[in-house]
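Peer 1:
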Amino acid sequence: MDDAVTVPGTRVGVGLDAVIGLVPGIGDLVGSALSGVIVRANRKNLRLLLREVEREPLREPPSPAYVAGAVALMLVPVLAGIVVAVLGIWLLWRLLT
């Protein structure tokens, strides 16, 4: 259903649900009924998943420096947000008292 209708002159497919939805009232009813019956698969995600499964696994684990860098990249924004929140509360407290 994701690529059921092809746009003329292109290789772009449009979902049947979107085309049916163009009909006022009836389109919504038919679209809801079809979505309850048909399980739609996202073809692009399926191709990506199959390609990834077929790849050879990593031969060695990531280096400790890589892991430390990844953890730092996740923690720095969180810590910065906490610092900004605490400073904001502190400044607001000083302003009001």
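Using UniProt numbering, the first residue of the sequence shown is number 1, and each one after it goes up by one. Idealized CB from N, CA, C, for every residue including glycine.
(1) Given this structure, state the Cα-to-Cα distance separating GLY15 from LEU79, to the nearest angstrom.
(2) Can you check which of these residues, LEU73, LEU58, ARG59, is closest to ALA65 by C-alpha distance?
(3) How long is the line joining the alpha carbons of GLY88 and ASP28, rounded to whole angstroms?
(4) Within its chain, find whatever has a CB closer than 7 Å to the CB of VAL7; leave out the 5 residues flanking it on each side and keep chain order.
(5) Would you list the one or two residues that DSSP bridges to VAL12?
Peer 2: Let me lay it out:
(1) Going from the Cα of GLY15 to the Cα of LEU79 covers about 43 Å.
(2) Ranked by Cα distance from ALA65, the first of LEU73, LEU58, ARG59 is LEU73.
(3) When rounded, the distance between both Cα atoms is 48 Å.
(4) Answer for VAL7: VAL14, listed in chain order.
(5) According to DSSP, VAL12 bridges with nothing at all.
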